[in-house]
Amino acid sequence: MRKSVAYLGPPGTFSEEAAILYQSEAELIPFSSISQVVSAVDKGVVGEGIVPIENSIEGSVTDTLDLLIHEVNLLLKTELVLPIEHHLLSQKEVNLSDIQMIFSHPQVISQCRKFLERSLPQARVTPTLSTAAAVEQMMSYPGEGVGAIGTHRAATLYGAHTLLRCIQDYPQNLTRFVVVAKHDHVRTGNDKTSLCLSFSEDRPGLLYEVFQEFAQRNINLTKIESRPSKESLGRYFFLIDLEGHREERVIAQVLKKVELKSSQFKILGSYPRFIPRPENRFGRREG
């Protein structure tokens, strides 16, 4: 049976590119929001979903994190990292000074903020659900004084004109995507584990005690951040990525000890660490 993979659509988004990189032979099904992608997997409409979780410029994608922490019991199965290039698109060749409105996704707008302030100060920025939706809206908008920030693929799919290439504020722009499913990945020997936890009390040394458990066993933590608990002001979930698989004996032992120190504890999944592969066209990508 052909695998089905949901992604943030419509076609032409970076999420679609990540889905193609992950499973080019799968049935790729677009949804209009991250929550819809996750819900489709949770309800069994599709087998897996691919969503953005972190950007090297803007940090974590909070919609994805909050869904995984609070709303579903899905697991992370795979991670992929894509270089991100944003292009300024229009219906046809126009002067920058003629553009009065720009469409794009809020994350993309943030990643191009300096460019927009410097080159298009007169343009009103209109957020959209995705970069591809931005190009689609721009192409159907009456009048020529509109633009969109989108991908090379979206420009090709929707017949847009590329005014300027690579307008992101920082050249080294990477986005990490994760595949969510009802089970995570088997051990490969080069894995990561993601988890979240919270505490019912607030006292000095709580986090130190948790970190000490990992340090004593020489387990490397590759990421640590916090998200509001949504229960009360000043209460947080702490998200941790660590090297190793949750089924490894030492990892399993330390996770049990950390769970005992936490009031809420959730393993978000174990999955292979992403390694760029030239045969998958990873490298300098357009769009």
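The sequence shown begins at 292 in our numbering and counts up by one. In this text, a Cβ means the ideal position worked out from N, Cα and C, and glycines have one as well.
Using the Cα positions of residue 391 and residue 517, report the straight-line distance between them to the nearest angstrom.
Looking at the two C-alpha atoms, the distance is approximately 38 Å.
Just confirm the distance between the C-beta atoms of residue 549 and residue 504, as a whole number of angstroms; I'd bet it's less than 8 Å.
Yes, they are in contact, since the Cβ atoms of residue 549 and residue 504 sit about 6 Å apart, within 8 Å.
Is it buried or exposed, residue 444, if we count other Cβ atoms within 10 angstroms and call 16 or more buried?
When all chains shown are included, residue 444 counts as buried.
Quick check: the Cα distance between residue 540 and residue 565, rounded to an integer number of angstroms?
Note on geometry: alpha-carbon atoms of residue 540 and residue 565 lie some 23 Å from one another.
Anyone know if the C-beta pair for residue 439 and residue 524 falls short of 7 Å?
Taking 7 Å as the cut-off, the Cβ atoms of residue 439 and residue 524 do not count as close.
If we call anything under 7 Å between Cβ atoms a contact, is residue 442 one with residue 303?
Against a cut-off of 7 Å, the Cβ pair of residue 303 and residue 442 comes out as a contact.
According to the Cβ coordinates, are residue 333 and residue 365 closer than 7 Å?
Against a cut-off of 7 Å, the Cβ pair of residue 365 and residue 333 comes out as a contact.
So residue 542 is in the beta strand (DSSP E); what residue range does that whole segment cover?
For residue 542, no beta strand (DSSP E) encloses it; the enclosing alpha helix (DSSP H) starts and ends at 540–552.
Using 8 Å as the threshold, is the stretch 470–477 in touch with the stretch 329–343, meaning 3 or more CB pairs across them?
By the Cβ test, the stretch 470–477 is in contact with the stretch 329–343, since at least three Cβ pairs between them sit closer than 8 Å.
Inside the stretch 337–389 only - beta strand (DSSP E) runs reaching at least 3 residues
Counting only runs of 3 or more, we get 339–346, 366–374, 378–381.
I think residue 387 touches residue 421, with their Cβ atoms under 8 Å apart; what is that distance to the nearest whole Å?
Incorrect: roughly 24 Å between the Cβ atoms, too far for contact.
Just checking my contact of residue 476 with residue 557 at CB under 8 Å: how many whole Å lie between their CB atoms?
The Cβ separation is near 17 Å, so there is no contact.
Length at least 3, wholly inside the stretch 414–466: the beta strand (DSSP E) runs in chain order:
You should have 415–418, 437–441, 452–455.
Residue 582 and residue 533: beta carbons closer than 7 Å?
Not covered by the structure: residue 582. The range shown for the chain is 292 to 578.
Assuming residue 382 and residue 435 are in contact, meaning their beta carbons sit under 8 Å apart, how far apart are those beta carbons, in whole angstroms?
Confirmed, Cβ separation roughly 6 Å.
According to the neighbour-count rule (16 or more other Cβ atoms, all chains shown, within 10 Å of its Cβ), is residue 451 buried or exposed?
Buried is the call here.
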